[in-house]
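What follows is a set of notes on a single structure, which appears directly below.
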Amino acid sequence: MASMASDTRTYDFAFDSGFDPARGIRLDNLPPFARRLRTAADMVWEDGYNQPFLRELGAGTLAQERFAFYLLQDYRYLADYAKVHALALTKTRDPEVMRFMADVQNTIFNVESSVHRTYMAGFGVNENEMNNARQSAFARAYTSNILAIAYGGDLLDILVAVLPCAWVYADYGQRLAREFADTLESNPFRSWIDMYKTEEFWSSSVWLIEHIEHMVQGLGENRLHELEEIFCNGVQNEYMFWSSAYDMQYSWKPQWDEAR
1360 MASMASDTRT
1370 YDFAFDSGFD
1380 PARGIRLDNL
1390 PPFARRLRTA
1400 ADMVWEDGYN
1410 QPFLRELGAG
1420 TLAQERFAFY
1430 LLQDYRYLAD
1440 YAKVHALALT
1450 KTRDPEVMRF
1460 MADVQNTIFN
1470 VESSVHRTYM
1480 AGFGVNENEM
1490 NNARQSAFAR
1500 AYTSNILAIA
1510 YGGDLLDILV
1520 AVLPCAWVYA
1530 DYGQRLAREF
1540 ADTLESNPFR
1550 SWIDMYKTEE
1560 FWSSSVWLIE
1570 HIEHMVQGLG
1580 ENRLHELEEI
1590 FCNGVQNEYM
1600 FWSSAYDMQY
1610 SWKPQWDEAR
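Residue numbers (our numbering): 1360 to 1619.
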């Protein structure tokens, strides 16, 4: 009987004493379902911020070859991330949603990719090499997951699936900028931190959170749990993306690479 009750229970998020609408959506002022998602993913979220890749990037001591590995994987990732947003266009007739999805794709191809190309040119890697870089098993698992959701899920599924990337980067960017403010000027990775610490970048997360918050109103607990699982899986994939980059690991077991 308890499981049947949870199937039909719905939630009304219209009133929430823990959220101040006057302040807007901030990292420290989240509406209720966003707080639920953030709480559910908290352990891996914090482990992600404290893993060696992020600590050394913030301190400016990250080895260039590790950062280069990350950039190549991220460059490949962004192409699939753009496809996910393109597929989201087919799930809606709302012009605002369609415009947001198109704007994200534009940013990927004209802003973020240019940053990757600039960095990689400094490492002697040209765009042809970037386009033909081998994708790691961890990056492939991540992009395969979000593409599968984009093909088979509805618009809400897609919004929740892409939220971890936008939100985690914004959170980590702002936190790194504050924590390492005294040494940021001389940090060789400053432009990376500068890009993700901005309010402009955070605005994408705000848009997603606002729309997700509106769309989940009235949904039953089973559906909310499904969305929570999508979100937590995304945060875990973000963790593995950086972890495998730090280890410069293409396969689940390093010895598998040695055999190739």
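C-beta: ideal position from N, C-alpha, C; glycine also.
The structure displayed is predicted, hence computed values, not measured ones.
Roughly how many angstroms lie between the CA atoms of residue i and residue j, to the nearest whole one?
i	j	result
THR1542	LEU1448	42 Å
ALA1496	ALA1381	44 Å
MET1607	TYR1436	16 Å
VAL1565	ARG1385	8 Å
ALA1509	TRP1601	23 Å
TYR1434	GLU1471	9 Å
TRP1404	VAL1527	8 Å
SER1545	ASN1465	30 Å
ASP1401	CYS1591	9 Å
TRP1611	PHE1426	19 Å
ALA1529	GLN1614	35 Å
VAL1456	LEU1515	11 Å
Considering only the alpha carbon of each residue, which of the options lies closest to residue i?
i	options	result
SER1503	GLY1383, VAL1443, ARG1534	VAL1443
GLY1383	TRP1561, GLN1614, ILE1589	TRP1561
LEU1389	GLU1569, MET1599, PHE1590	GLU1569
LEU1421	PHE1428, TYR1429, PHE1412	PHE1412
LEU1416	ARG1582, ARG1534, TYR1609, GLU1488	ARG1534
Go through its chain and collect everything with a Cβ distance to residue i's Cβ below 7 Å, but skip five positions before and after it.
i	result
PHE1392	PHE1372, ILE1571, GLU1572, VAL1575
PHE1378	ASN1388, LEU1389, PRO1390, PRO1391
For residue i, which residues from the same chain have a beta carbon less than 8 Å from its beta carbon, with the 5 sequence-adjacent residues on both sides left out?
i	result
THR1557	GLY1532
If we call anything under 8 Å between Cβ atoms a contact, is residue i one with residue j?
i	j	result
ALA1399	GLU1587	yes
ALA1525	LEU1567	yes
GLY1407	TYR1598	yes
ALA1498	GLN1432	yes
TYR1429	ILE1467	no
Just to confirm the assignment, what range does the alpha helix (DSSP H) spanning residue i have?
i	result
LEU1430	1423–1447
ASP1530	1514–1538
ALA1492	Unbroken run through ALA1492: none, as it is neither H nor E.
MET1460	1454–1466
TYR1478	1472–1481
Residues in the same chain with beta-carbon distance under 6 Å from residue i, minus the five sequence neighbours each way, listed in chain order, please.
i	result
ARG1549	LEU1543
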